[in-house]
Amino acid sequence: MAELPVQRIRVAVEAPQHSGLSGPLDYLSERALAPGSLVRVPLGRRELMGIVWPGEPDGGAEAAALRPILAELDGLPPLSASWCQLVEFAASYYQRSIGELALAVLPPQLRELDNTQLRARLKKLGKFLASPAEAQGSAPEAEEAPAGRPTLSPAQQQVLDELDALLDAARNSAPAPVLLYGITGSGKTEVYLRAAEHALAQGRQVLVLVPEINLTPQLEARFAERFGGSAASGGAAHRIVSLHSALTPAQRLRNWLAAHLGEADLVLGTRLAVFASMPRLGLIVVDEEHDPSYKQQDGARYSARDLAIYRAHQEKIPVILGSATPSLESWQRANEGRYKRLLLPGRIGGGALPRVRLFDMKRMPLSKGVTTALTTPLLDALRLRLERGEQSLIFLNRRGYAPVLHCAECNWKSDCPHCSAWRVFHKGDRTLRCHHCGFTERVPSACPSCGNQDIAPLGRGTERLEEQLQEQLPGARVLRIDADSTKHKGELEAQLAAVHSGEVDILVGTQMVTKGHDFRRITLVAAVNPDGALFSSDFRAPERLFALLMQAGGRAGRDAEAAARSEMWVQTWHPEHALYQALKQHDFEAFAKSQLAERESAGLPPFAHLALLRAEGRTVEAAQGFLKAAAAFAQAMPEAQGCLVYPAIPMSVARVANVERMQMLVEAGSRGALQRLLWHWMPELHALKREHKGLLRWALDVDPLAI
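Take a look at the structure:
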């Protein structure tokens, strides 16, 4: 019998970055396989999944030295060439190996399946797809039902006319990204819905990204209400799936398969969903595009927003970046004409934004010698809302009872023995808990240093604020929403439902409650103790604070009838600060202009491009030694021309879990110059890791959000 011809193919495998295997590997196959096909291959002593990668094999090794693939996962259509191109771009830009990123963004269960298991999964998927819309969580109301389609404002109609033109023209060329700048309550979600409607009518799929998992069910409900109709009710049913880390592995695989097979028309998800395989993709929406949650903080530190823009350009489809407080990068690109800026300047129904009042804490009366967060004017304002039957929101971006326990006798504080940070006092379970390494102990009965039994909380978190509100306003229904109160499945949804149904009078929360929620009964938002970010060493801190406060204020007055009496109070020690003055006028444009001028004069993004090299070691010397050697290599390279390598410094929290952490900033005037340096630097960094025995790990962060 004649031997079958042997094909040499490229396969992307999940080899870790430190292995030095940055590109696909050559394998042998008895037949030609389409790029994007899933295969099982040997790597060392392991057997793992790989992806047949586009391009010519390396050809360096003799065929006899190559290993054959073990099996082809033949029950699925191959991943598209454009998907492979997206992954290859992301891996190159963020300096990761192709296989590491490509396999990491696929559902974990998919990587474990053989052909028999895959066929069983596809059979289950078929039953799911054949089930009624109600069983999939979709609303039964028809898409065209009048109740589901509110009348558009003139500003919304103008924006949609321009978006429709972009959708129609997208087949011929890549349209410019759209920056949809609309104040809170201006109807951005309705614009997303109508733009999606247009794309769906063309037979295309729609990808909608949101920054936080807790916002996905809310937006999913809005889309399901509009698009989940049945043919029987006269509406065109569209299948909607979500992709985020809160799904079970089986749910994530099922939803990914539905998108990959083209069965899901709309995909709603968090940052990982930017890599969803969607063969008919026609529109991408990035809601709250400024949000830092779109930046991955470990592994491949990609920005989902930036990759959404790249993917839209690559596929020649529109991308909508929506925000009431756009990132300064996006705002500057719109100023330069690279993005098309569309405006929604007013709230739906003509309601006004809440009046912003600044309260100077230096003028507030003292309580036991300390100015309290619950000032007399604030308590009076809360009582007024209680009398009216209205809701209030108190925003404090610090969870726990108090940031630290303190002994006034010897000045002991509840520091963490494993981190350069304080352990937070949680009164509910009487623990001191480190929010960095998780080290937890029971609260001591006396000072561990001097034995003084009078140790007291210093500062306040949401837990303490909740307690004080219950003491000062007996009878008020107070609810706290933060990471501690919503640890268990379903708790967040139940608590938000209680707010919406009017079962809560005063909501206390962290930034979890400031983003995207449509609380119709809230007429007062109070921000207590927001000043910390004003004087941070991180140049982005003011931008984040302004966005957070604008978002928090936007929760008030969303009901047109109550808008006129809605207020946002900011209790600050620095009411004269330019940030608060811009906030008082709801003037994002003035704030952005001021910040961009500062950034340009200081040579900071978006007028420069940054990368952070971080190192973690058993000792400070180990981490610092690696970074110093890395800097010496970089500065000696010809590619370093036009780049500046700063000295290594400790991270803001320098020690976590007994690991010392240092970082080094690299700055370049152009993106190309930075990428050239990083490309030539990476092999040297891998080699240096092997030479520095005390070094535990290192990571490169391109376009870091915090420095």
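So the sequence shown is numbered by UniProt numbering: it starts at 1 and just counts up by one. All C-beta atoms in this analysis are idealised placements derived from N, C-alpha and C, irrespective of residue type, glycine included.
Whole alpha helix (DSSP H) elements within the region 184–217, 4-residue minimum: For the region 184–217, whole alpha helix (DSSP H) runs of length 4 or above, ordered along the chain, are 188–201.
Where the alpha helix (DSSP H) through Cys84 begins and ends: 81–93
Reference Ala602, options Ala81, Phe539, Ser330, closest by Cα: Phe539
Completely contained alpha helix (DSSP H) runs for the region 469–531, where each covers 4 or more residues: 491–500
Asn658 burial status per 10 Å Cβ neighbour count (16 or more: buried): exposed
Distance CB(Arg8)-CB(Ala63) smaller than 9 Å: yes
Coarse secondary structure for Trp422, derived from DSSP in three states: strand
Where Gln679 sits in the DSSP three-state scheme: Note that residue 679 corresponds to Trp in the displayed sequence, not to Gln. Of the three classes helix, strand and coil, the one that applies to Trp679 here is helix, per DSSP.
Ala133 to Ala224 span [Cα, whole Å]: Summary for Ala133: the model assigns pLDDT 47, below 50, so the residue's position carries little reliability, and this model does not support an answer.
Under 9 Å between C-beta atoms of Leu343 and Ala130: no
8 Å CB neighbourhood of Leu66 in its chain, flanking five on each side removed: Arg8, Asp26, Tyr27, Leu28
Sheet register partners of Val570 (DSSP bridge): Leu358, Ala527
The region 509–519 touching the region 482–496, judged by at least three CB pairs closer than 8 Å: yes
Residues near Ala562 in its chain [Cβ-Cβ closer than 6 Å; skip 5 each side]: Thr523
Contiguous alpha helix (DSSP H) assignments of at least 4 residues, all confined to the region 590–659: Taking 4 residues as the shortest admissible run, the region 590–659 contains the following complete alpha helix (DSSP H) segments, listed from N- to C-terminal end: 620–636.
Leu396 (DSSP reduced to helix, strand or coil): coil
Nonlocal neighbours in the same chain, by C-beta distance under 7 Å from Arg280, ignoring five residues either side: Gly203, Arg204, Gln205, Gly262
Residues near Asn397 in its chain [Cβ-Cβ closer than 6 Å; skip 5 each side]: Thr510, Gln511
Same chain only: Cβ atoms within 7 Å of Glu72, ignoring 5 sequence neighbours per side: Within the same chain, Glu72 has close Cβ partners Leu33, Ser37, Val39.
Three-state secondary structure (DSSP) of Ile348: helix
Cutoff 8 Å; reference Ala81; Cβ partners in own chain excluding five residues on either side: Pro35, Gly36, Pro54
Contact the region 356–363 vs the region 621–630: 3+ CB pairs below 8 Å: no
Any 3 or more C-beta pairs closer than 8 Å across the region 671–680 and the region 634–643: yes
Residue nearest to Tyr339 in terms of C-alpha spacing, selected from Arg464, Arg599, Pro177, Gly50: If we check each option's Cα against that of Tyr339, Pro177 comes out closest.
8 Å CB neighbourhood of Ser277 in its chain, flanking five on each side removed: Apart from sequence neighbours up to five positions away, the residues of its chain that approach Ser277 with a beta-carbon distance below 8 Å are Leu79, Ser80, Trp83, Trp256, Ala259, His260, ordered along the chain.
Inter-residue CB distance, Asp287 and Gly337 (contact presumed, cutoff 8 Å): At roughly 24 Å, the Cβ-Cβ gap does not stay under 8 Å, so Asp287 and Gly337 are not in contact.
Backbone secondary structure at Leu700 - three-state DSSP: Reduced to three states, the DSSP call for Leu700 is strand.
Reduced DSSP secondary structure (H/G/I, E/B, other) of Pro107: coil
Option nearest Gly228 by Cα separation, candidates Arg239, Ala264, Pro474: Arg239
The alpha helix (DSSP H) enclosing Leu179, as first and last residue numbers: From DSSP, Leu179 is part of no alpha helix (DSSP H) but of the beta strand (DSSP E) over 178–182.
As assigned by DSSP and simplified to three states, the class of Ile309: In the structure shown, Ile309 adopts helical secondary structure according to DSSP, grouped into three states.
Close beta carbons around Met682, own chain, < 7 Å, minus the five adjacent residues each side: Gln95
Where Glu598 falls, given that 16 or more other Cβ within 10 Å makes a residue buried: exposed
Residues near Ser293 in its chain [Cβ-Cβ closer than 8 Å; skip 5 each side]: Pro211, Glu212, Thr270, Arg271
Residue of Gly350, Lys593, Phe546, Trp573 minimising C-alpha distance to Lys584: Nearest option by C-alpha distance: Phe546.
Whole-Å CB distance - Ala165 paired with Leu209, under 8 Å assumed: No, Ala165 and Leu209 are not in contact; Cβ-Cβ is about 23 Å, not under 8 Å.
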